[in-house]
Ligand SMILES: [Zn+2]
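Spelled out as structure tokens, the structure:
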């Protein structure tokens, strides 16, 4: 039985519903809410029409250091910090709102949602535990997720300096080979010259999957910047607005928020 007030219990149930809808698992719900395990399981079954999945939550921080998860985690954590520190949201509120903003903009940019709610929550726990920290990129000055022990060492973020094979998946390689085969077949059919062939090869090289992905991510980040623009929030009047964020010295700064103090 819940021992608190009825209104507080109702709020807890609403929070639980929101967390379950976002994809929270049982250990997350039990950690964040005061409702009993049985009530949470019942809620979960009602909302998802299935029993909550069993098994452990991810416990390694290494996942956040690979290039694409690092970009998504940095984006999410910067939004979270902005909502918590600047918009003065509570921790749980900032977590759910930041995650909603994150999925909304992944959908807008038609980018895969790399960070699950569990990963987002675990990221927060790693930061709270002092395992992870934010470092300012030496190129774009955006703040990105790093191991706390390396936080003071100068470094470049995964957007400014992606690994050479970043964004190349098996499916992409297969489809590229297929497209290459088709292109060569059509080249042969057209009886094109050797010069034409070399031109089409260089064109294929230029349209690498990485450039497509990072363009999409840049668009997402720009969208999120506009969405959490402090000038649109009734609470804030003192923070640097879009002018300082977009026309400052670092126009390409990809991580949020530009106005949060270091
Ligand atoms: Zn950078």
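Residue numbers (the working numbering): 1 to 262. C-beta: ideal position from N, C-alpha, C; glycine also.
The beta carbon of residue 112 sits closer than 8 Å to the beta carbons of 106 from its chain, once the five residues preceding and following it are set aside; these are given in chain order.
For residue 98, the closest of 33, 156, 73 by C-alpha to C-alpha distance is 73.
Around the beta carbon of residue 86, 16 or more other beta carbons sit within 10 angstroms, so the residue counts as buried. Residues of the same chain with a CB within less than 7 Å of the CB of residue 57, apart from the 5 flanking positions on each side, are 25, 27, 118, 122 in chain order. Taking 8 Å as the cut-off, the beta carbon of residue 43 is found closer than this to the beta carbon of residue 13. Here the C-alpha atom of residue 79 lies approximately 39 Å from the C-alpha atom of residue 178. For residue 136 and residue 33, the gap between their C-alpha atoms comes out near 34 Å. Closest by C-alpha distance to residue 60, out of 83, 37, 129, 102, is 129. Within the region 19 to 58, the complete alpha helix (DSSP H) runs of at least 4 residues fall at 26 to 32, 37 to 48.
Taking the CA atoms as reference points, residue 36 sits about 14 Å from residue 45.
About 6 Å separates the beta carbons of residue 162 and residue 67, which is inside the 8 Å limit, making them a contact pair. Secondary structure of residue 66 (DSSP, three-state): coil.
Secondary structure note for residue 166: it is in no beta strand (DSSP E), with a DSSP letter that is neither H nor E.
Beta-bridge partners assigned by DSSP to residue 145: 134. In this structure, residue 77 lies away from residue 70, with their beta-carbon atoms at least 8 Å apart. In the three-state reduction of the DSSP assignment, residue 61 falls in the coil class. Taking the C-beta atoms as reference points, residue 29 is found nearer than 8 Å to residue 40.
According to DSSP, residue pairing for residue 155 in a beta bridge involves 137. For ligand 1, the residues with a Cβ under 6 Å from any of its heavy atoms are, in chain order, 137, 139, 140, 142, 156, 157, 159, 160. Annotation: the continuous alpha helix (DSSP H) that includes residue 106 extends over 91 to 108. Check the Cα spacing between residue 15 and each of 95, 82, 84: the tightest is with 95. Secondary structure at residue 13: helix, using DSSP grouped into helix, strand and coil. Straight across, the Cα-Cα distance linking residue 132 with residue 151 is about 8 Å.
The C-beta of residue 109 has 16 or more other C-beta atoms within 10 Å across all chains shown, which makes the residue buried.
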